[in-house]
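Sequence order for the protein chains is A and Z. All the letters of the first sequence, read from the start, carry residue numbers 1 to 425 under this note's numbering. All the letters of the second sequence, read from the start, carry residue numbers 426 to 850 under this note's numbering. Some notes on the structure that comes next.
2 protein chains.
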Amino acid sequence: MASVDVGIGLLGYGTVGSSVNRMLVEGADEIERATGHRLRVVRALVRDPKKDRPFPAGDGVLTSDFAALRDDPDVHVVAEVMGGISPAGEYVRELLGAGKAVVSANKQLIARDGAELFAAASAAGVQLRFEASVCAAIPVVKVLRESLVVSNVHRVLGIVNGTTNFMLSRMERGGSYADALAEAQAHGYAEADPTDDVTGADAAAKMAILATVAFGSRVRYEDVERRGIEELEAAHVSAAADLGMVIRLVGIATLLDGAVDVRVQPALVDRSHPLAAVDGAFNAVMLQGDAIREITLEGPGAGGLETATAVVADLVSVVGTSGTGFLQNDACWRELDRLPPVEWSSEFFAHLEVSDRPGVLAHVTSRLAAHDVSVAQLVQRPADGAATLELVLHRAPLGEVSGALREISAFPEVLRPPFLLPVIR
Amino acid sequence: MASVDVGIGLLGYGTVGSSVNRMLVEGADEIERATGHRLRVVRALVRDPKKDRPFPAGDGVLTSDFAALRDDPDVHVVAEVMGGISPAGEYVRELLGAGKAVVSANKQLIARDGAELFAAASAAGVQLRFEASVCAAIPVVKVLRESLVVSNVHRVLGIVNGTTNFMLSRMERGGSYADALAEAQAHGYAEADPTDDVTGADAAAKMAILATVAFGSRVRYEDVERRGIEELEAAHVSAAADLGMVIRLVGIATLLDGAVDVRVQPALVDRSHPLAAVDGAFNAVMLQGDAIREITLEGPGAGGLETATAVVADLVSVVGTSGTGFLQNDACWRELDRLPPVEWSSEFFAHLEVSDRPGVLAHVTSRLAAHDVSVAQLVQRPADGAATLELVLHRAPLGEVSGALREISAFPEVLRPPFLLPVIR
């Protein structure tokens, strides 16, 4: 087949954008061998075309005029690597409307406006791919959409934030939350303002995208139940260790009886579980479905180069499948209900501080029993005249477990509100 | 886009074939949504069309006449799920020659004749996909060929045999090789004749396919250096545990300075390495390359249903990309030299039994030093008037390490030939 030149446009030419250009140049032969096409960046939108760049674009490629890129008939596919909601969102809409395929690395944009953008792409008969918007180089979107088409994925478990995973791995080796945060900042994993990571906001946006793709129904960032790691204490980490588990910030997307629940929170993960092995700043996503049982993908979930490889993979896939029906359709093809959070069920771990007096244990266990919540494991430890209770609870609906704990908290012997985490085995 | 019917042929209608049919029927809507096409099995080649089948094919679908399938103009893509070299190989060649795309689940055939079959597919302008030929449902071939096109993958580490991984996980918890084998047989993981698994033959065929795809150069089954797990003893497993490692049967494919080395052998794997977390009968493949650093895919590497999902994924991908240039070309596009095995370098672990006499340690260490092999760790243990020496050696070429150990073995104080394994961290 004769090789055809395909003109690529870039929105943004920073670390990711210039790496994409470099990979397209240096990998041109590999790409041609795989697809029969040569991909070449012909336009790149930047604020200041005169600024020095790590991998310079060709003459006349950089422009500060979006219309020049949009209206260039040589631009067939555009990679959006500028980030942010606006103007990136408007640009992507305009490009799709103009019949250009788009590849986006923009987590915020896809998590917020994905459904509209997929529909716009469908209507225009062009592709929108977004592998790089979640977990960088880990090809989880492609695997979900192309390899697991008939696998009825019903659960997605993800460690999708490297910063918090680094911090929790660090706390496992001893040290407080504050120590772990300081170390993550020293390594450059955490920003000076770590809010987006430690509150689970970053992970929630990624889980919204993954759940949307896995279940074919729109899940917005706002639909994700979210709890961060800020309240975690060294005592929780060591209690987990005593149970043969680690604490991780885990995203859990569940499809149950046609309803969807997506949540991000710290969870106890059994040491023998594949997610427990994800150490440091890496990410991993486990996909559970019929027939496949479970497939786990692990790798670097962030970084400019890593993100650029996913953008290039998407460009290659767009070029390699244009003209066929492959992935022609909207990733959101149905509207599933949201599972009422109280109905979401799991095994749980609860950590309580109580006065060391007769009757406390009886009270705690009777309240649990009244809610039909059964105790799998119980450890009581003395602690300065008080005691800590660590409970592992058999699978039960969150509503029942929370209800029991609310009643338990009202008991005067309970010194602090119980700390509740799901358990993943 | 109007939906188009695509006729599918099956070579074989056993567990995998009938599961493929069932998935195509039950997943028809999902597939149409993803690709715009409806896939329907129109012919399936079997020995005895009258036999009862777990998921019956439609009327007139089963045939014992290959020509009827090959010459059926309604058959556009054929899934080869019959296994074996012959007649499967002849059938696949004829089908490609007749312009039918082929999806194969046949490890033996692809590991032996892959290069010729890829070339035949290229010449005929049709696709040959083979995801199911290696690690069942784990989409490693797709990820290598479509996501990592420009990632210059230079190393593939794989736990690609579930039987031996189950056995080694079992030995870790105590027990001999014989106990572990008996248990694997009781679970149905190991055949009555476990040769293909325990000698590394099965893993070598899979690594040959993975190395071929990863490096773009033909690696045959015979090109894979191979050593099984039969000589492993409980003492080796517990020595590994003392070093914070586990023993796994690992496939290692290396691209170094334009030369390829592929080997399968037991190796010590650090507990913090992602491959160490692969427990029981699961498989995992780690792909290391530029920019991606490392991506690990883990999941069930065997099983009829799991294999069927990979076949269906390939069918969907063939249909979704036919008519484009995607993956039009031969997976073997270059001819790389084989790295002389003596030049392959690694960290190593050596286990020796020696007489407990003065001078032994000096002899061992001086022979290693003479070959410029440096000792990272040394543990000596008394053992019934004799002693065991456990050595961890810094990275060195296999030729030097083997040379030193040969000289050490000649020393009369060495009671048994040293046992040498690579170390993976």
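Glycine is no exception: its CB is placed at the ideal position from the N, C-alpha and C atoms.
Check the Cβ of residue i against every Cβ in chain Z and list those closer than 7 Å, keeping chain order.
i         : result
Glu491(A) : Here chain A covers residues 1 to 425 and nothing more, so residue 491(A) does not appear.
Asp279(A) : Ser697
Ala186(A) : None at all; the shortest Cβ gap to chain Z is about 21 Å.
Val365(A) : Going by the sequence as given, residue 365(A) is Thr instead of Val. What Thr365(A) touches in chain Z: nothing, since even the nearest Cβ is about 33 Å away.
Are residue i and residue j closer than 9 Å when you measure CB to CB?
i         : j         : result
Leu674(Z) : Ala692(Z) : yes
Val77(A)  : Leu39(A)  : yes
Arg696(Z) : Gly669(Z) : yes
Val578(Z) : Val644(Z) : no
Leu393(A) : Glu353(A) : no
Pro418(A) : Ser409(A) : yes
Ile720(Z) : Ala277(A) : no
Ala180(A) : Val318(A) : no
Ala350(A) : Val401(A) : yes
Asn708(Z) : Gly729(Z) : no
Val559(Z) : Val737(Z) : no
Leu680(Z) : Leu582(Z) : no
Ser122(A) : Asp330(A) : yes
Ser642(Z) : Cys757(Z) : yes
Met23(A)  : Ala201(A) : no
Gly12(A)  : Val46(A)  : yes
Could you list which residues in chain A have their beta carbon closer than 9 Å to that of residue i, in chain order?
i         : result
Lys567(Z) : Pro139, Lys142, Val143, Glu146, Ser147
Gly452(Z) : Val149, Val150, Ser151, Asn152
Thr588(Z) : Those within 9 Å of Thr588(Z) in chain A number zero; the least Cβ separation is about 17 Å.
Thr440(Z) : Under the 9 Å cutoff, chain A gives no residues; its nearest Cβ is about 12 Å from Thr440(Z).
Along chain A, in chain order, which residues have C-beta atoms closer than 8 Å to that of residue i?
i         : result
Val500(Z) : Neighbours of Val500(Z) on chain A: none; closest Cβ ~19 Å, over 8 Å.
Thr637(Z) : Those do not exist, as Thr637(Z) stays about 14 Å from chain A at its closest Cβ, beyond 8 Å.
Do you know whose CA, among the options, lies nearest residue i's CA?
i         : options                                    : result
Asp257(A) : Tyr13(A), Ser345(A), Ala203(A), Asp279(A)  : Ser345(A)
Leu339(A) : Pro397(A), Ala239(A), Gly323(A), Val423(A) : Pro397(A)
Thr199(A) : Gly175(A), Glu230(A), Ala186(A)            : Glu230(A)
Met507(Z) : Ala493(Z), Ser443(Z), Gly522(Z), Glu768(Z) : Ser443(Z)
Ala504(Z) : Asp496(Z), Ala513(Z), Pro498(Z)            : Ala513(Z)
His612(Z) : Thr588(Z), Thr746(Z), Ala829(Z)            : Thr588(Z)
Glu832(Z) : Glu768(Z), Gln805(Z), Leu840(Z), Val789(Z) : Val789(Z)
Glu32(A)  : Val575(Z), Gly748(Z), Leu582(Z), Ser511(Z) : Val575(Z)
His426(A) : Ala383(A), Pro412(A), Leu378(A), Gly320(A) : With chain A running from 1 to 425 in the structure shown, residue 426(A) is simply not present.
Pro807(Z) : Asp538(Z), Arg782(Z), Arg759(Z)            : Arg782(Z)
Thr388(A) : Asp314(A), Met167(A), His236(A)            : His236(A)
Gly385(A) : Asp330(A), Glu413(A), Ile85(A)             : Glu413(A)
Ala630(Z) : Asp618(Z), Asp622(Z), Tyr646(Z), Val736(Z) : Tyr646(Z)
Arg850(Z) : Ile672(Z), Val741(Z), Pro474(Z)            : Ile672(Z)
Ala98(A)  : Gly125(A), Leu391(A), Val285(A)            : Gly125(A)
Leu840(Z) : Arg651(Z), Gly828(Z), Ser780(Z)            : Ser780(Z)
Asn161(A) : Leu117(A), Leu148(A), Ala184(A)            : Ala184(A)
Thr35(A)  : Ser86(A), Val316(A), Gly323(A), Leu232(A)  : Val316(A)
Val213(A) : Pro56(A), Ala253(A), Phe55(A), Val103(A)   : Ala253(A)
Arg652(Z) : Asp496(Z), Ala801(Z), Thr620(Z), Ala540(Z) : Thr620(Z)
I want to verify the contact list: residues of chain Z whose CB lies under 8 Å from the CB of residue i, in sequence order.
i         : result
Trp333(A) : Arg458
Met245(A) : Under the 8 Å cutoff, chain Z gives no residues; its nearest Cβ is about 14 Å from Met245(A).
Val312(A) : Val574, Val575
Just to make sure I have the definition right: I need the residues of chain C whose C-beta is within less than 7 Å of the C-beta of residue i. Which are they?
i         : result
Thr721(Z) : Absent from the structure: chain C. Protein chains present are A and Z.
Interface residues of chain A around residue i at Cβ under 7 Å?
i         : result
Glu455(Z) : Val149, Val150
Met448(Z) : Val150
Determine the chain Z residues that contact residue i at a beta-carbon separation under 9 Å, and present them in chain order.
i         : result
Glu306(A) : Ala716, Ile717, Arg718
Val316(A) : Glu571, Ser572, Val574, Val575, Phe751
Thr388(A) : Within 9 Å Cβ-Cβ: nothing; Thr388(A) doesn't reach chain Z, min ~29 Å.
- Count the C-beta pairs between the stretch 560-572 of chain Z and the stretch 593-608 of chain Z that are closer than 8 Å, then say yes if the count reaches three, no if not. no
- Task: Please confirm if the stretch 7-23 of chain A is in contact with the stretch 41-49 of chain A, defined as three or more CB-CB distances below 8 Å between the two stretches.
- Result: yes
- Message: Assess contact between the stretch 542-558 of chain Z and the stretch 290-305 of chain A, defined as three or more Cβ pairs (one per stretch) separated by less than 8 Å. Is contact present?
- Response: no
- Let me know the alpha helix (DSSP H) ranges lying completely inside the stretch 222-300 of chain A, each 4 residues or longer, listed in chain order. 234-242
- Taking the runs of the beta strand (DSSP E) that are 3 residues or longer, which of them lie wholly in the stretch 179-214 of chain A? none
- Tell me the start and end of each unbroken beta strand (DSSP E) in the stretch 748-804 of chain Z that is at least 3 residues and wholly inside, in chain order. 770-780
- Task: Counting only runs of 4+ residues fully inside the stretch 522-561 of chain Z, write out the alpha helix (DSSP H) ranges in chain order.
- Result: 532-549
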